[in-house]
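Using our numbering, you'd call the opening residue of the sequence shown number 3 and step up by one each time. Even for Gly, the Cβ is constructed at its ideal location relative to N, Cα and C. Single-structure report; data block below.
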Amino acid sequence: MIKSFSLSRVLFVFLMFAAVVAATALLITKKNEYPSVFTLGNVDLPVLEIDAGHGGEDGGAVSLTGVHESVINLDIAQKLSAIAELAGLPYTMTRDSEEIKYPDSAKTIASKKVFDQKRRAEIINNTPNAVLISIHQNFFPHKSARGPQSFYAKTPGSDSLAQFVQGTMNTALFPGNRRVAAPIAQNIYLLKNVSCPAVLVECGFISNAEEARLLETDKYRLRIALALTSAYQQYLDEKNEVQK
Ligand SMILES: [Zn+2]
């Protein structure tokens with residue numbers, strides 16, 4: 003969890019948050035039918051589980067300039083948590099630093115990864131009314147591949163959340179992106195083993211020079227966090243409509 007911010011950081015994030023509220027209004031078509039972030043009707047607000055992929059001894063993919071995916075994931079996750087904090091949206095994080103404490107019994111990187119994935123699934127499954135957004139960066143040998151893509155678990159609600167994530171990221175970050183929300187591969191432990199609505203988002207390709215350059219900037223990571231907030235808001239609005 004983020005516990006304290008400097009005043010300038012709070013002000014900055016608040017201004018950014020105001021921007022996402024405005025962006026949400028622009029992005030959704032029937033804007034007058036949707037409540038604002040601050041009035042969510044009768045919906046019991048879910049707990050947003052913000053999962054920064056990798057971390058600890060698992061740095062994930064490495065960008066062309068040598069930046070580990072885990073660092074980019076964590077920064078976006080922290081920005082998203084700061085926005086959730088200001089918006090009064092309940093959230094938790096599966097990690098809030100690059101360090102992960104492993105038990106003595108986990109001696110190899112593989113066993114440490116297994117421990118960490120089980121730990122994350124446990125946190126999420128022990129949270130009532132959770133919604134998972136797992137943040138990752140993509141990598142592909144063909145360096146031309148780029149653009150965000152969302153993947154959804156089999157659990158109810160996942161597909162819908164992934165559509166909102168994909169649509170918002172396409173609009174806000176990469177207009178013309180032809181990627182669509184897709185079912186997650188069955189070998190992805192976390193999304194296979196959580197019982198809540200769950201989405202994994204590959205925010206961009208760190209194997210693509212232009213996208214890696216963007217992903218290494220604070221400004222672009224903030225735009226991603228804002229797009230994810232907007233997508234989550236649309237998901238809550240849809241839930242609200244269904245429950246009316
Ligand atoms: Zn990853």
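- At least one heavy atom of ligand 1 lies closer than 7 Å to the C-beta of Gly62.
- It is roughly 31 Å from the alpha-carbon of Gly55 to the alpha-carbon of Glu243.
- At a cut-off of 7 Å, the beta-carbon of Gly58 does not count as near ligand 1: no heavy atom of the ligand is closer than that.
- Ligand 1 approaches Glu71 closely enough that one of its heavy atoms is under 7 Å from the residue's Cβ.
- When DSSP states are grouped into helix, strand and coil, Val73 belongs to the helix group.
- A residue is called buried once 16 or more other Cβ atoms fall within 10 Å of its Cβ, and Ile111, having fewer, is exposed.
- Within the DSSP bridge table, the entry for Gln151 names Glu204 as partners.
- The C-alpha of Glu100 is placed about 28 Å away from the C-alpha of Ala183.
- Its Cα nearest to that of His138, the residue Ile226 stands out among Gln236, Lys145, Ile226.
- Assignment of beta-bridge partners to Ala89 by DSSP yields no partner.
- When distances are taken from the beta-carbon of Gly55 to the heavy atoms of ligand 1, the shortest one is below 7 Å.
- For Ala79, no pairing in a beta bridge is given by DSSP.
- Of all C-beta pairs linking the region 192-211 to the region 134-152, three or more are shorter than 8 Å, placing the two stretches in contact.
- A distance criterion of 7 Å places the beta-carbon of Gln151 beyond contact range of ligand 1, judged by its closest non-hydrogen atom.
- Annotated three-state conformation of Val116 is helix, per DSSP.
- At a cut-off of 7 Å, the beta-carbon of His144 does not count as near ligand 1: no heavy atom of the ligand is closer than that.
- Residues of the same chain with a CB within less than 8 Å of the CB of Thr129, apart from the 5 flanking positions on each side, are Val49, Glu51, Thr94, Cys198 in chain order.
- Collapsing the DSSP output to three states places Ser160 in a helix.
- Between Val196 and Ile126 a beta carbon distance of about 5 Å is seen, short of the 8 Å cut, so the two are scored as contacting.
- Per DSSP, Gln245 is one residue of the alpha helix (DSSP H) stretching across 220-245.
- Rounded to the nearest angstrom, the gap between the Cα atoms of Ser136 and Asp53 is 4 Å.
- In terms of side-chain proximity, the C-beta atom of Gln168 is found no nearer than 7 Å to any non-hydrogen atom of ligand 1.
- Assignment of Ile111 by DSSP, reduced to helix, strand and coil, places it in the helix class.
- Secondary structure of Leu193 (DSSP, three-state): helix.
- Residue state for Gln139 is assigned as strand, using DSSP reduced to three classes.
- Between Gly57 and Asp46, the alpha-carbon positions lie close to 31 Å from each other.
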